[in-house]
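With the working numbering applied, the sequence shown covers 6 to 44.
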Amino acid sequence: MTGAQCTGSLIDLYDVAGQIRATLIALQAQARMVNGTGH
6 MTGAQCTGSL IDLYDVAGQI RATLIALQAQ ARMVNGTGH
């Protein structure tokens, strides 16, 4: 594995982690809205 390949996979990992984080934040925001209107 060359340095360029290693860097590429690291960037892919960061990209996936960013997408997961964005999804979690969106879910938390939805849950907060539902909880806020539910009570």
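Virtual Cβ for every residue (Gly too), placed ideally from N, Cα, C.
Residue-level contact to chain D via CB, residue i, 8 Å cutoff
i     : result
Val39 : Note that chain D does not occur in the displayed structure, where there is just one protein chain.
Span separating the alpha-carbon of residue i from that of residue j
i     : j     : result
Gly8  : Leu18 : 15 Å
Gln24 : Ser14 : 15 Å
Ala34 : Ile16 : 27 Å
Gly41 : Ala31 : 15 Å
Val39 : Leu29 : 15 Å
Local conformation of residue i per DSSP, three classes
i    : result
Thr7 : coil
Beta-carbon proximity list for residue i, same chain, < 8 Å, skipping 5 on both sides
i     : result
Ala27 : none
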